[in-house]
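Below: one structure, written as structure tokens.
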Amino acid sequence: MSPAMPSRATHGTDCQYTTEQLQILQTASEFAYQIWESRTVSCQTFLRSYPLDRTLTRQQIDDLIQDYTLDDNYQLADEVKVMSGLRHLRTLLMMRWIWQDALQLIALEQLTDELSEFADGCISFAKDYTYQHLIKQYGEPTFINAKGNVQIDDMAIMAMGKLGAHELNLSSDIDLIFVHQARGVTSGDKSKGTRSIDNKRFMTRLGQGIIKLLDQKTADGFVFRVDMRLRPWGDGSDLAIHLSALQKYFSQHGRAWERFAWLKARVVGQLEQPFYDEIQALIKPFVFRYYVDYSAFSALREMKSLIQNQVAQREDLDNIKLGAGGIRDIEFIVQAFQLIYGGRHPQLQVKSCLQAMQVLHKLEYLERTTYQELQAAYRFLRRLEHAIQAINDQQTQRLPHDPQWQYNLAVTLGFDEWNALLDTLNHHRDNVNVPFERMVTERQVPDHEDTDLEPEHLDEQIARLNDVLTAENRVLLQDFWQSKMVANLSDEARERLDDAYPVIIHALLAHQEQQQLANTALPRLITLLEAICRRSIYLVMIAENPNATIELIPMLSASPWIAKELAHYPVLLDTFLQQRYRHLPDKPELRDILRQQLLRVEPNDEEELLSVLRLFKKNQVLAVAASDVLAERPIMKVSDSLTYIAAVVLEAALERAFAEIVKRYGYPIGQDGDPVTEADCGFAIIGYGKLGGLELSYSSDLDLVFLHKIKEQGMTTGEKSVSGMKFAARLVQKLMNYLNTQTRDGRAYEIDMRLRPSGNAGMMVVSCHAFETYQLEKAWSWEHQALVRARAICGDKRVTARFCDIRRDVLSLPRTIEQVRTEVTSMRIKMQKHLGTSQWQQQAGKFHLKQDAGGIIDIEFLAQFAVLAYSHEHPSLTKWSDNVRIFEEVASLGIWEEQVCQDLTDAYLRIRAATHQLALSEQSLLVDESLWKETRALVQAQWQHLMGVHLSDGVSPNS
115 MSPAMPSRAT
125 HGTDCQYTTE
135 QLQILQTASE
145 FAYQIWESRT
155 VSCQTFLRSY
165 PLDRTLTRQQ
175 IDDLIQDYTL
185 DDNYQLADEV
195 KVMSGLRHLR
205 TLLMMRWIWQ
215 DALQLIALEQ
225 LTDELSEFAD
235 GCISFAKDYT
245 YQHLIKQYGE
255 PTFINAKGNV
265 QIDDMAIMAM
275 GKLGAHELNL
285 SSDIDLIFVH
295 QARGVTSGDK
305 SKGTRSIDNK
315 RFMTRLGQGI
325 IKLLDQKTAD
335 GFVFRVDMRL
345 RPWGDGSDLA
355 IHLSALQKYF
365 SQHGRAWERF
375 AWLKARVVGQ
385 LEQPFYDEIQ
395 ALIKPFVFRY
405 YVDYSAFSAL
415 REMKSLIQNQ
425 VAQREDLDNI
435 KLGAGGIRDI
445 EFIVQAFQLI
455 YGGRHPQLQV
465 KSCLQAMQVL
475 HKLEYLERTT
485 YQELQAAYRF
495 LRRLEHAIQA
505 INDQQTQRLP
515 HDPQWQYNLA
525 VTLGFDEWNA
535 LLDTLNHHRD
545 NVNVPFERMV
555 TERQVPDHED
565 TDLEPEHLDE
575 QIARLNDVLT
585 AENRVLLQDF
595 WQSKMVANLS
605 DEARERLDDA
615 YPVIIHALLA
625 HQEQQQLANT
635 ALPRLITLLE
645 AICRRSIYLV
655 MIAENPNATI
665 ELIPMLSASP
675 WIAKELAHYP
685 VLLDTFLQQR
695 YRHLPDKPEL
705 RDILRQQLLR
715 VEPNDEEELL
725 SVLRLFKKNQ
735 VLAVAASDVL
745 AERPIMKVSD
755 SLTYIAAVVL
765 EAALERAFAE
775 IVKRYGYPIG
785 QDGDPVTEAD
795 CGFAIIGYGK
805 LGGLELSYSS
815 DLDLVFLHKI
825 KEQGMTTGEK
835 SVSGMKFAAR
845 LVQKLMNYLN
855 TQTRDGRAYE
865 IDMRLRPSGN
875 AGMMVVSCHA
885 FETYQLEKAW
895 SWEHQALVRA
905 RAICGDKRVT
915 ARFCDIRRDV
925 LSLPRTIEQV
935 RTEVTSMRIK
945 MQKHLGTSQW
955 QQQAGKFHLK
965 QDAGGIIDIE
975 FLAQFAVLAY
985 SHEHPSLTKW
995 SDNVRIFEEV
1005 ASLGIWEEQV
1015 CQDLTDAYLR
1025 IRAATHQLAL
1035 SEQSLLVDES
1045 LWKETRALVQ
1055 AQWQHLMGVH
1065 LSDGVSPNS
């Protein structure tokens, strides 16, 4: 139905609003009505000057910003009063906009334009205000231009997303990117009481000042939430980037999804020439290609797949932005056309979604009906979004669950009751879903013209499958079809199951033909089907991907671990059906994939952040496992991939945790006396054990140590200031929460911090100096052994470089070979005694691949012995933390014979490969000794040769 439109006229400049109008405000927004109730006189005065039936011009908005940032003497106020003034102004404007919208006195485009103009005005004011304060301390930023002349450096503030397109909604955050002209230094002069710093530091502080004025939450609220994650390299990178670095980033690292983001980029405020033209000259060729850009299709398919997968995972019908047929789908349709055809048709190079739609219709890329339906859906969804956000001034796109607010929302939008609103919403969603599904579609066709998939052959296929299955599995399959779960499926889900079933049978029969393992796969397949039937979008994926389904079945029979992961987390199924395991991404690709996914998480949505980190890790690890099952990659490559995944998750978690703690307390002070920055945050994560040694397996925990280079007693820069030590402790606690907390999606990783200085009794995070002192003066010899396998994973480059220096110095300390041999042997005997096989297990012919004599620990200890015993004379031994390259270095230096090192490396890789396969098969590392006699004997012989002790009985021949 169409919403009814009651007449809601106001009284022009008369500020005595009627009871009906106040009732409409109260119905629409608890937030705005409370403002009216608590500040009635202020609201009336404000509305007398700016009545509800009038629009606001940019000049009026700028005048308001100026008025609200003056002190009692009509001079520009100090920072505290400026922040308070801007927040009071925002509160009054929000009350006005919400009321105008509820009374239907303002068009969608006018409302979003006024909101965007207010944001532009606040950003320009904040930039000028902060700049004037900074030049009093540091002078003006300068650089040498191409003609050799000194020139003042300026910073362009790029509005992205909704603000870039002048489409800001009532409670939007603002996406910004800061770009300055060039490297250089400020004109600071000590004799004039100013200090010269480099332009990067100046621009970082300028950016921090702008963010603080707008984003920091005070007793008066905030002006705009500022989101900087779209900048090149994202969180953890410099807050401002100079032009030549941006050009290099676009040409070497810019991704297709970033072209989407820069499509809406717009400079806020005025920029002098030629700076403005230089920025435009970089952006335009990056976003638009002159030719029809077919290269974008595969990237667009990936983005669409990401959207669909997120919808399937969430099943979030309450989210009008991210749910199926929501605002994001409309934007994807429009921007995909703009990206592909915008280079050939300059008129498509507009930023507004509605304007772009209009051009697409004129150019006949959208037929009239589709255009009209998309436009109507967009307007309805944006108005609904405003109404949802108006309730409590919250940045949300979720429909309310409270029945009273459901009713209020329906009435505000002109409906009689909630279900009428839902019917209209679903009608619009359906209209959006049709063109969205058509976009860049690539439905799989079976590899061979396979008539088995035709419906008329289904009975014959079922009969063939019954002949193959055991009696037990036939009963299992019959029980599945007769189960309550299948009987209670919705009509749509049952239809999808029926569509997928021929593909499933076909895949089972193909697997039986190739490997005779259909009976192994079937019970696991049924468990998976039970998990996905109620989220039937996955059944559609199976039906539409027959080739990939044929590849899926061998995974289920080969690895119960993979089968269980898929059944627990059906969202991971997409990785298999897209066959992403055919290409394992390197570290930069992984970083980019996770960054894309995290950009879809609102900055304050911690629950969704934890979910994204966990599902990213599970997805990528599962892809590695699939590759491992197919035996497509050597063990070293598999472990490298697993290690890269962990490193990328740690990096993202550190960046987000740092941003969250900074928001609360401000920046800590670095040891150079200046506040740290996002790019040089003063913290680093050090990996020990398997993470440090590049040997991660599928269920490895992470051994971590946290280091810092900040002033522990120095106070942070925020309004709610804490000591550097407290900041560091809170940062690590937040990081542990991101990684270690058990959620419905499991943990990201189990974290073990027992290898930190003083173990469980020690501080969670220590300074580089304290770490060095501990290693040199207090550490046990086994802690130096552990340091051999330690490696800097992520964080501040200055901290990681200092750690590398400390590690090298500690490992290179002079030690006698006999001293090292005694200490390493003593530790090995203790470990074997506590963790090796028992006497009865040995008598039963069992061998523990890791802990027993001749196992992997022996090989690792030999590598550690070599580093500790010989690094004083050969410092290059400290370069590597992984066993394979340590043995290569030992051989190349002639310390041990090349054949000895090669034998140890081969044995090590052989055992490692076996541990991976056992993990995928969910089997213990306790194996039949008879299968490993040769490898075990080789390792034991080398141990005795190099260490002079029999580990089988733990007794030295010299004792």
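Heads up: the sequence shown begins at 115 in my numbering, then just goes up one per residue. All C-beta atoms, glycine included, are put in the ideal place defined by N, C-alpha and C.
So who's on the other strand from residue i, going by DSSP bridges?
i      : result
Phe292 : Ile271 and Ala354
Thr510 : Its beta-bridge partners do not exist; DSSP assigns none.
Ser881 : His822
Tyr683 : Looking at the DSSP assignment, Tyr683 forms no beta bridge with any residue, so it has no partner.
Gly335 : Thr332
Leu184 : Leu190
Ile397 : Looking at the DSSP assignment, Ile397 forms no beta bridge with any residue, so it has no partner.
Ser837 : Met829
Thr526 : Partner(s): none; Thr526 has no beta bridge.
For residue i, which residues in the same chain have their Cβ closer than 7 Å to its Cβ, ignoring the five residues on either side in sequence?
i      : result
Arg903 : Tyr802, Gly803, Gly806, Gly807 and Ser995
Val337 : Leu200, Arg201, Arg204, Cys236 and Leu328
Lys362 : none
Arg557 : Annotation note: pLDDT 46 at Arg557 (below 50); position unreliable, coordinate value reported separately. Excluding positions up to five away in sequence, the list reads Glu658.
Ile783 : Pro789, Ile824, Lys825, Gly828 and Gly838
Applying the criterion that 16 or more other CB atoms from any shown protein chain within 10 Å of the CB defines a buried residue, is residue i buried or exposed?
i       : result
Ala279  : buried
Leu944  : Looking at the sequence provided, one finds Lys at residue 944 rather than Leu. The residue in question, Lys944, is exposed, as its Cβ has fewer than 16 Cβ neighbours within 10 Å.
Leu949  : exposed
Glu1003 : buried
Tyr404  : exposed
Asp517  : Correcting the residue identity first, residue 517 is Pro in this sequence and not Asp. Pro517 is exposed by the Cβ-count criterion.
Glu134  : exposed
Ser285  : buried
Ala118  : Residue confidence for Ala118 is low, a pLDDT of 34 falling below 50, so the modelled location carries little weight; the figure read from the coordinates is stated next. Burial call: exposed.
Arg373  : buried
Which residues mark the beginning and the end of the alpha helix (DSSP H) in which residue i is found?
i       : result
Pro616  : Asp605 to Gln629
Gln1058 : Lys1047 to Met1061
Cys467  : Cys467 to Lys476
Ile447  : Ile441 to Tyr455
Phe239  : Leu222 to Tyr252
Pro255  : Unbroken run through Pro255 is the beta strand (DSSP E), Pro255 to Ile258; no alpha helix (DSSP H).
Ile931  : Ile931 to Leu949
Val264  : That residue, Val264, is in no alpha helix (DSSP H); its beta strand (DSSP E) goes Val264 to Ile266.
Ala601  : Lys598 to Ala601
Met655  : Ile651 to Glu658
Leu642  : Ala632 to Ile646
His898  : Ser895 to Val902
In terms of residue numbering, what span does the beta strand (DSSP E) encompassing residue i cover?
i       : result
Phe961  : Lys960 to His962
Cys908  : Arg905 to Gly909
Tyr802  : Phe797 to Tyr802
Leu1040 : Leu1040 to Asp1042
Val382  : Premise fails: Val382 is in no beta strand (DSSP E) and is neither H nor E.
Gln856  : It is not in any beta strand (DSSP E) - Gln856 carries neither H nor E in the DSSP assignment.
Val546  : It is not in any beta strand (DSSP E) - Val546 instead sits in the alpha helix (DSSP H) that spans Trp532 to Arg552.
Ile324  : First-last for Ile324: Asn313 to Asp329, but that is the alpha helix (DSSP H), not the beta strand (DSSP E).
Gln1013 : Taken as a continuous stretch (DSSP letters only), Gln1013 belongs to no beta strand (DSSP E), being part of the alpha helix (DSSP H) at Glu1012 to Leu1034.
Residues in its own chain within less than 6 Å of residue i by CB, not counting five upstream and five downstream?
i       : result
Leu1045 : none
Arg757  : Contrary to the premise, residue 757 reads as Thr rather than Arg in this sequence. Taken in chain order, the residues that qualify are Leu808 and Leu810.
Phe594  : Ile640
Asn433  : Gln511 and Arg512
Phe690  : Leu666
Gly456  : Phe402, Leu462 and Gln463
Going along the chain, which residues of its own chain have a beta-carbon closer than 8 Å to the beta-carbon of residue i, five neighbours each way excluded?
i      : result
Arg728 : Thr857, Asp859, Gly860, Arg861 and Ala862
Arg770 : Asp349, Leu712, Leu723 and Tyr852
Ser990 : Glu1003 and Leu1007
His562 : Residue confidence is low: His562 scores 47 on pLDDT, short of 50, so the model does not pin down where it sits. Its coordinate-derived value is still stated next. Same-chain partners within the cutoff: there are none.
Length-filtered (4 minimum) alpha helix (DSSP H) runs lying within the region 135-166: 144-152 and 154-163
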